[in-house]
Amino acid sequence: MKIALILALSAALLLGCNKENNPAAAKQTQDPSIVHPSPELLAQLKLADLETKAVAETLRVAGRIDFDEQRLARIGATVTGRVTDIDALLGQSVKKGEVLARLNSSELSSQQLAYLKARAQLELNRRNAERAKALFDADVIGAAELQRRESEFQISVAETRAASDQLQLLGVSRTAIDRLGKQGAVDSVTPVTATLNGVVVERKLAQGQVVQPADALFVVADLSRLWAVAQVPEQQVSQVKSGQSVSIEVPALGNEKLVGKLIFVGQTIDPETRTVLVRTELDNREGRLKPAMLASMLIEAKPVERLVVPASAVVRENDEDHVFVAEGDGIFRLLKVKLGPEQGGLRVLLSGLKGGEKLVVDGAFHLNNERNRKEMEGS
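In terms of my numbering, the sequence shown is residues 983 to 1361.
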């Protein structure tokens, strides 16, 4: 028993002497975040000062693909009528002027009759005015009678013009009006025509339905160019402006990055979402993009000076970011830091360091393995 006690005391004294002769080892035993690498490993490490660089932060905001409203037409009827034919299908490509549907309208018939009556009265009053002029020249009637006949003719001219204008408002072309005047044939069927080249993206009518001029029967969109729109939080609005470069990631395209520029930054804040609308244009001549697709908009903000950490200096420990800081005499301390996402091999420092520290920027992984090994040996 005495011999065992003596051996234990001797071992304790030897351990104490080793710690006194090697303070770095003693310090490491006390603090697991401290590591004192071997001379061989130390020679492999590369150190650099923590420094600031101009960093253009990238804002990532949720968005979507949308129609270009300058290339979108909501097409309706020009008269009240009943749908007799529907020629356009949903998704069909159409040309400007192409007939999409046909309506039968009693309103159109009535207006055509009014035009024909006005033309007939105009012709009658024209002849009366010519006859009155001849009689006045022959001194058969007086000037008052001539003026009355000429006044009736001028009124008929105005009424005929008004009837023609009303037909044009109902969608009747100038050529069709001239043909109506010559042939006198009333046609109660009126077409609903496309007003631009594009694709029918909405169709809101059915056979036999009675429609009004205020009803949007078709929506035709030119899909060769689309918008990407997003809502920027109020706190980040100061970092965006028109003309900034943006990248758009569309999950449906495998997060392929599409590059564009902001063409619009809203001037008002949505009071419910506290966001501002921004948008950019995208070329879609290949037709890969579809309106309503989800997208993420990456907006490159104005560069600002920030403390940055090289990505090679970062080690992951307990699912958190850490760096090794040199403390002198070949001693390094592992410190937890909060970092932004990597950009060009650098990560913006959010917290954990004050600036001026010297970091291990090459060999940090091996240094951490050495720290873990010695910690396990110590335990």
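Even for Gly, the Cβ is constructed at its ideal location relative to N, Cα and C. Just so you know, these numbers come straight off a predicted model, no measurement behind them.
Two segments are said to touch when three or more pairs of C-beta atoms, one from each, lie closer than 8 Å; by this definition the region 1045-1055 does not touch the region 1168-1175. An exposed status is given to V1286, since fewer than 16 other beta-carbon atoms sit within 10 Å of its beta-carbon. A direct Cα-to-Cα measurement between L1349 and P1019 gives close to 7 Å. The residue from V1222, A1070, L1095 and V1232 with its alpha-carbon nearest to that of G1166 is L1095. Only residues of its own chain outside the window of five on either side were considered, and among them L1289 and V1290 have a CB closer than 8 Å to the CB of E1033, listed in chain order. Taken through DSSP and simplified to helix, strand or coil, V1296 comes out as coil.
When rounded, the separation of the alpha-carbon atoms in K1077 and G1163 is 29 Å. Three or more beta-carbon pairs drawn from the region 1053-1065 and the region 1178-1197 are found closer than 8 Å, and the two stretches are therefore classed as touching.
Taking a 10 Å sphere around the C-beta of M1279, we find 16 or more other C-beta atoms and assign the residue as buried.
V1037 is not a Cβ neighbour of R1353, given a cutoff of 7 Å.
V1183: member of the beta strand (DSSP E) spanning G1180 to R1185, first to last residue.
Of the residues assessed, I1281 falls on the buried side of the cut-off, its CB having 16 or more other CB atoms within 10 angstroms.
In this structure, the alpha-carbon of Q1217 lies about 48 Å from that of E1080. Distance between E1112 and T1175, taken at the CA atoms: about 43 Å. Under the three-pair Cβ rule at 8 Å, the region 1148-1158 counts as touching the region 1086-1103.
Secondary-structure assignment with DSSP links E1263 through a beta bridge to W1209.
Under DSSP, H1304 shares a beta bridge with V1297 and K1318. For Q1074, the CB contacts under 8 Å within the same chain, skipping 5 residues up- and downstream, are V1181 and V1182 in chain order. Contact check between the region 1237-1245 and the region 1212-1229: three or more CB pairs, one atom from each, fall below 8 Å, which counts as touching.
Residue state for P1014 is assigned as coil, using DSSP reduced to three classes. Here A1083 is buried: its Cβ has 16 or more other Cβ atoms, across all protein chains shown, within 10 Å. For P1173, the uninterrupted beta strand (DSSP E) run begins and ends at V1171 to T1175, by DSSP. Beta-bridge annotation (DSSP): E1134 is not paired with any residue.
When DSSP states are grouped into helix, strand and coil, T1040 belongs to the strand group. Looking at the backbone, the Cα of L1199 and that of A1055 are separated by about 11 Å. Secondary-structure assignment with DSSP links Q1325 through a beta bridge to L1328. Secondary structure of A1120 (DSSP, three-state): coil. One thing to note: L1321 has its Cβ no nearer than 7 Å to the Cβ of R1315. Taking the Cα positions, E1089 is about 16 Å away from I1159. Nearest Cα to V1201 within the set R1185, P1215, S1229 and Q1213: R1185. When the alpha-carbon of L1317 is set against those of G1310, P1323, G1326 and V1296, the nearest one is in V1296.
Under the DSSP assignment, R1064 falls in the beta strand (DSSP E) whose first and last residues are G1063 to I1068.
Ranked by Cα distance from V1258, the options L1271, L1276 and Q1213 are led by Q1213.
Check the Cα spacing between V1211 and each of S1220, G1326, I1230 and A1203: the tightest is with I1230. Excluding its 5 nearest sequence neighbours in each direction, K1340 has C-beta neighbours in its own chain below 6 Å: L1029, D1031 and A1308, listed in chain order. Counting other Cβ atoms within 10 Å of its Cβ, T1142 reaches 16 or more and is therefore classed as buried.
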